[in-house]
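So for the sequence shown, the numbering used here puts the first residue at 38; every next one is plus one.
No residue lacks a Cβ here, since even glycine has one placed at the ideal position from N, Cα and C.
Quick caveat: nothing in here was measured; it's all calculated off a predicted structure.
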Amino acid sequence: MTPRLVSCVLLVAAIACDKGGGAAGNGPRDAVLAAWKKGGQSPSALTAASVPAVGKDCQSGTVGAIDVLLCVYPTAADAKAAEDAGLTWVGDTTGAAQASGTVLIAISDRRKSDPSGRTINQLMKLAPK
């Protein structure tokens, strides 16, 4: 191998092994967004959300007119344990809260755009397991 080829291979390997700690990616949260997009949904850009009762690493946005909250936890068990807190965030509206790996997904139809819950159901089914 030539030195140039070796350098290219090492560069590609370094990029592939990057943990993505920068602002460009959020790991498991990005996987949820990608699954929703692949399923034909159009999530908005997420912004930091201060909801200490639910979690410390949370971001919120919308999918159509439905509010979504995605919180990342250290373990899948922690995300699962936070489901009740996610339902508290949903409140009395049509919605759901479910762990997807280390991400808690909370969805609330505060604008009453999905009273039957079909879109909410689809979003939960599209989320990675």
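Asked                                                                                                                                          : Found
Under the rule that 16 or more other beta-carbon atoms within 10 Å means buried, what is Trp128, buried or exposed?                            : Contrary to the premise, residue 128 reads as Gly rather than Trp in this sequence. Under this definition Gly128 is an exposed residue.
Under the three-state reduction of DSSP, which class applies to Ser44: helix, strand or coil?                                                  : Unreliable positioning characterises Ser44 in this predicted model, as indicated by a pLDDT of 38, which lies under 50. The coordinate reading is nonetheless provided below. Ser44 falls in the helix class under three-state DSSP.
Ordered along the chain, which non-local residues of its own chain (more than five positions away) have a Cβ less than 8 Å from that of Ala61? : Low confidence applies here, because Ala61 scores a pLDDT of 48, under 50, leaving its location unreliable; read the following figure in that light. Same-chain partners within the cutoff: there are none.
Could you give the residue range of the alpha helix (DSSP H) that holds Thr156?                                                                : 155-163
Let me confirm a value: Asp146 is counted as buried when at least 16 other C-beta atoms fall within 10 Å, else exposed. Which label applies?   : buried
Looking at C-alpha atoms only, which residue of Ser137, Lys75, Ala119 is the closest neighbour of Gly92?                                       : Ala119
I need the straight-line Cα distance from Ala114 to Thr99, nearest angstrom please.                                                            : 26 Å
Going straight from the alpha carbon of Lys75 to that of Asp94, what length do you get?                                                        : 24 Å
CA-CA distance, Val69 and Ala164?                                                                                                              : 5 Å
Tell me the DSSP secondary structure of Val231 in three-state form.                                                                            : Missing from the structure shown is residue 231; the chain here goes from 38 to 166 and no further.
Taking C-alpha atoms, which residue in Val140, Gly132, Asp121 lies nearest to Thr156?                                                          : Gly132
Less than 6 Å between C-beta atoms, sequence neighbours within five positions excluded: which residues of the same chain meet that for Gln78?  : Val100
Beta-carbon within less than 8 Å of Asp151's beta-carbon, same chain only, minus the 5 sequence neighbours each way: which residues are those? : Gly101, Ala102, Ile103, Thr131, Ile157
Excluding sequence positions up to five away, which residues of its chain have a Cβ less than 7 Å from the Cβ of Leu83?                        : Gln96, Ser97, Gly98, Leu107
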